[in-house]
Structure formats: C-alpha cells, structure tokens
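A quick write-up on the structure given underneath.
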Ligand SMILES: Cc1cc2nc3c(=O)[nH]c(=O)nc-3n(C[C@H](O)[C@H](O)[C@H](O)COP(=O)(O)OP(=O)(O)OC[C@H]3O[C@@H](n4cnc5c(N)ncnc54)[C@H](O)[C@@H]3O)c2cc1C
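Listed below in structure tokens is the structure:
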C-alpha cells in the first residue's frame, strides 16, 4: 500500500505541469466560445488526443496510480482550464471506469478503445444511469433489460436522461433493471455498441453551465445487444442476484432500497477534484483583480472586507483538496470508507466551488457579472458539482447513515 502523501512526486509534478500548460494554452482560450456555442468542442478533444491527454493509456495510468493522486491532479488541472470543455474530455473516462470496474478483460479490451477512437477519428462514450423518475432514488429505475435465451441477447427498453455525451457517444454504457424485486441490487450494466438499432438521442438540454458538455436524453426502444455485452458476464450476474435474493429473503422479502447510494463512494473524489479546479481558477482571477483594481485611491484588497474573503476562499480550497486527496488515496488502496470519506470530499469540494465562485463574482463587482470576465462562467459551471454524481443532500445522507448506521431519511 502506498503511504498517504500530500506532495506530488517529481514524475507527477511533470505531468501536472504538462496538463496545466494544455489547460492554460488550449482549454482556457477556447472556453468562452464553446460556452456560447453550447456544443461539444471536438477540435479541443482532438487536440487533447494528439498530445495524449485524451487517451485510454493516459487515463488508465492516472487511475491506477498507487498514490491515488493521479486522477485528482488531472481533474483539477483540466477543470481549472474550463469545466465544460474538461467534462467533454473526461466524460468518456467516467464511462470507461464503469467498464474497468465491472467488465471482464475481454470487454475492457474490446470496448474501451472504441470509446476513445483514435487521434484522427476521436470518439466519446456515455454512462447512462439517471432517468426522469430515478435521479437520487436510483432504485426507482425503470429501464428494463430482459434476457432472450434463444438468441443469447438482452432486450433493453426505457428512457435515460441527463446523459453526458448521450446520443453522440460511440459506445453507451446503460444501467438497467434485470430483477425488479431487488431494487438497486437488481440492476446490471450493458454495453450498447456503436450503431445499435433502437438507441436514439432524445432532447438535448440547454443548460445553466458546463455548456460545452453535451447532455441529453437517450431513448432505448427494443435495443438488442449480444449476451457478451452484459458487463461482468451472465454467470457473475446470476451469482450476484442469487446472493441478493437470499439477503432480501432474510430481510422478510422487503425490497432492497437505495443501496446504490454508497456504490459511487470511490468515484466521488474525482468530482470533488473537478470542483477544486473550478474554485481555484475563480480564486486566482479574484486575487489578481483585487490586487490591481483601485477604489478610494487604493487596491480593493487593502480592505479587510475583500482580503478576508480571499483568505477564506483559499483556506476552503486547500481543505477541499486535502479531503479529495485523502479519499482518492483510500479508494486506490482499498481502505474502507468507514465515515463515507468519498462523499465527504465531494460534498465539501462542491459546496466550496459554489461559494468561492460566488465570492469571486462579488470581488470583481460589475465586471464579475459580465461575460467579459471568466468568473461569471465559472460561477454558472460550479452549480453542477452539488448536483451530479449525487446531490449535496444525498452526500449528507450517505455520510449520516454511514456514521450512525441508521436508515436516516
Ligand atoms: C449536466 C448534468 C450531467 C449529468 N450527467 C449524467 C450522466 O452522465 N449520467 C447519468 O446517469 N446521470 C447524469 N446526471 C444526472 C445527475 O446525476 C442527477 O441529476 C442527480 O443524481 C440528481 O437527480 P435529479 O436531477 O433527478 O434530482 P432529484 O433526485 O429529483 O432531486 C431533487 C432535489 O431533491 C433533493 N432530494 C432528493 N432526495 C432527497 C432525500 N432523500 N433527502 C434530501 N434531499 C433529497 C435533491 O438533493 C435535490 O436537491 C447529470 C446531470 C446533469 C445536470
């Protein structure tokens, strides 16, 4: 097990500086344009693919970094550049993790490369779990996958919503109900290969922030996928379902509710790191502005009312990063999250991003309220962090339940 460290090693520092250079030179200058266009920034993704940032190799290297700091460092730097563009770059990785975590070696080898495409023909992937009536309450999911034994195919029907890259992805990873009696324990994940008939994009959402990231509904109408597209395989699924049925029987047949809430514990620090990146970006703009903007014959930072805000902003950002790094190290090294440390890191970092970006707007005064300065966009972008991958309320619920062992509602 790697020791927990608060310092990046030399190799990590080199990667961080390289990522920062890309964020500063390529992502940040393109941010305002793609925010206005509300479209996937394909040329930027292509550029990231050319230099090796948009690739399975790079992502896997960071994902398996034993210090746990590879992914948070990557997220922080890219999201420092711009949240919407960065999500377009890392959204595929979030779908790939679903396959890495649950897929067989063959599935990993077959599908993850198709999620990324290649330098000359980049592709993206989507992870589709949320539904119109199943957001926080994952157990209410309705999308159904039924096994057609004669053909060794799964038939999937339902509507997914809020899918990042939904409909424009080459590969979709879809979570569906295979046993409705088991609540979230009766779910399974499927690969929907490129060009599969029956999968289509529904509404594309016009959003408040992260507008360079494509978010849409995905409609699944009698989508047939081969048996080999069930992540982990049928044997493993049958074993898992049998265990869940035993447990449900022992619990008096009660439907297993909301168990999936805790399953994202290990991926939540990555979202926390995105939030740290956005918060740090806004803080830096505000600090710079406060030093140079003069009112009453002196820089506005000369007022404690402004300087203390900046002190609080930086303190919160550093505290958030520490929580994120701790949880990432725990996740990589298999440490049990006995106090829901993954949720804690996401909760604190996302609330920090919302607060810090609002303070940055305030420090820039009228300029902060315009699109001439980036903090207006950062403030809009930051609002997503307390919503996706589990809202702040759900993080608090997970933390409170973990601490108390009680079914707090
Ligand atoms: C831009 C964007 C991108 C996304 N990308 C993806 C993606 O790629 N794939 C995917 O599957 N999903 C994605 N999501 C979905 C996201 O994870 C959900 O929006 C989120 O889980 C919340 O679900 P909901 O929107 O249905 O809100 P709801 O669950 O309806 O919640 C509404 C409000 O009620 C509160 N609430 C609900 N239950 C409780 C409770 N028990 N106690 C206290 N408060 C509660 C919530 O905290 C929230 O404030 C994305 C969403 C957005 C906006």
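In the working numbering, the protein residues as written are 128 to 536.
C-beta: ideal position from N, C-alpha, C; glycine also.
Model, not experiment: these values are computed from the prediction.
Any idea if residue i is buried or exposed, counting beta-carbon neighbours within 10 angstroms, 16 or more meaning buried?
{"i": "residue 297", "result": "buried"}
{"i": "residue 526", "result": "buried"}
{"i": "residue 189", "result": "buried"}
{"i": "residue 207", "result": "buried"}
{"i": "residue 132", "result": "exposed"}
{"i": "residue 247", "result": "exposed"}
{"i": "residue 466", "result": "exposed"}
{"i": "residue 137", "result": "exposed"}
{"i": "residue 341", "result": "buried"}
{"i": "residue 407", "result": "buried"}
{"i": "residue 532", "result": "exposed"}
{"i": "residue 505", "result": "buried"}
{"i": "residue 128", "result": "exposed"}
{"i": "residue 535", "result": "exposed"}
{"i": "residue 396", "result": "buried"}
{"i": "residue 530", "result": "exposed"}
{"i": "residue 270", "result": "buried"}
{"i": "residue 169", "result": "exposed"}
{"i": "residue 498", "result": "exposed"}
{"i": "residue 419", "result": "exposed"}
{"i": "residue 160", "result": "exposed"}
{"i": "residue 201", "result": "buried"}
{"i": "residue 252", "result": "buried"}
Could you check if residue i belongs to the surroundings of ligand 2, using beta carbon to heavy atom distance under 7 angstroms?
{"i": "residue 286", "result": "Ligands in the displayed structure: ligand 1; ligand 2 is not one of them."}
How many Å lie between residue i and residue j at the Cα?
{"i": "residue 411", "j": "residue 444", "result": "11 angstroms"}
{"i": "residue 433", "j": "residue 417", "result": "8 angstroms"}
{"i": "residue 309", "j": "residue 367", "result": "11 angstroms"}
{"i": "residue 400", "j": "residue 283", "result": "34 angstroms"}
{"i": "residue 338", "j": "residue 267", "result": "28 angstroms"}
{"i": "residue 452", "j": "residue 249", "result": "31 angstroms"}
{"i": "residue 181", "j": "residue 335", "result": "26 angstroms"}
{"i": "residue 333", "j": "residue 130", "result": "44 angstroms"}
{"i": "residue 491", "j": "residue 448", "result": "24 angstroms"}
{"i": "residue 163", "j": "residue 218", "result": "20 angstroms"}
{"i": "residue 142", "j": "residue 205", "result": "12 angstroms"}
{"i": "residue 238", "j": "residue 221", "result": "14 angstroms"}
{"i": "residue 343", "j": "residue 426", "result": "45 angstroms"}
{"i": "residue 510", "j": "residue 231", "result": "36 angstroms"}
{"i": "residue 371", "j": "residue 482", "result": "41 angstroms"}
{"i": "residue 155", "j": "residue 209", "result": "6 angstroms"}
{"i": "residue 228", "j": "residue 494", "result": "45 angstroms"}
{"i": "residue 300", "j": "residue 145", "result": "31 angstroms"}
{"i": "residue 512", "j": "residue 259", "result": "19 angstroms"}
{"i": "residue 327", "j": "residue 345", "result": "6 angstroms"}
{"i": "residue 480", "j": "residue 507", "result": "10 angstroms"}
{"i": "residue 286", "j": "residue 273", "result": "15 angstroms"}
{"i": "residue 256", "j": "residue 290", "result": "8 angstroms"}
{"i": "residue 235", "j": "residue 359", "result": "10 angstroms"}
{"i": "residue 192", "j": "residue 151", "result": "24 angstroms"}
{"i": "residue 377", "j": "residue 307", "result": "18 angstroms"}
{"i": "residue 392", "j": "residue 421", "result": "45 angstroms"}
{"i": "residue 350", "j": "residue 356", "result": "12 angstroms"}
{"i": "residue 312", "j": "residue 263", "result": "15 angstroms"}
{"i": "residue 515", "j": "residue 293", "result": "15 angstroms"}
Between which two residues does the beta strand (DSSP E) carrying residue i extend?
{"i": "residue 284", "result": "280-291"}
{"i": "residue 344", "result": "342-353"}
{"i": "residue 274", "result": "271-275"}
{"i": "residue 318", "result": "314-319"}
Within the continuous alpha helix (DSSP H) that includes residue i, where are the two ends?
{"i": "residue 186", "result": "183-190"}
{"i": "residue 486", "result": "468-490"}
{"i": "residue 327", "result": "Where residue 327 is concerned, there is no enclosing alpha helix (DSSP H), although the beta strand (DSSP E) it sits in stretches over 326-331."}
{"i": "residue 506", "result": "502-509"}
{"i": "residue 301", "result": "Looking at the DSSP string, residue 301 is not in any alpha helix (DSSP H); the run it does join, the beta strand (DSSP E), is 298-304."}
{"i": "residue 136", "result": "Unbroken run through residue 136: none, as it is neither H nor E."}
{"i": "residue 267", "result": "Taken as a continuous stretch (DSSP letters only), residue 267 belongs to no alpha helix (DSSP H), as it is neither H nor E."}
{"i": "residue 170", "result": "169-178"}
{"i": "residue 378", "result": "Counting along the chain, residue 378 falls outside any alpha helix (DSSP H), and DSSP gives it neither H nor E."}
{"i": "residue 455", "result": "431-459"}
{"i": "residue 208", "result": "197-208"}
{"i": "residue 530", "result": "519-531"}
{"i": "residue 155", "result": "155-164"}
I'd like to confirm the pairing. Which residues does DSSP put opposite residue i in its beta bridges?
{"i": "residue 426", "result": "421"}
{"i": "residue 261", "result": "258"}
{"i": "residue 248", "result": "245"}
{"i": "residue 253", "result": "299"}
{"i": "residue 357", "result": "317"}
Give a yes or no on whether the minimum CB-CB distance between residue i and chain C is below 8 angstroms.
{"i": "residue 465", "result": "Of the protein chains in the structure, only one exists, and it is not chain C."}
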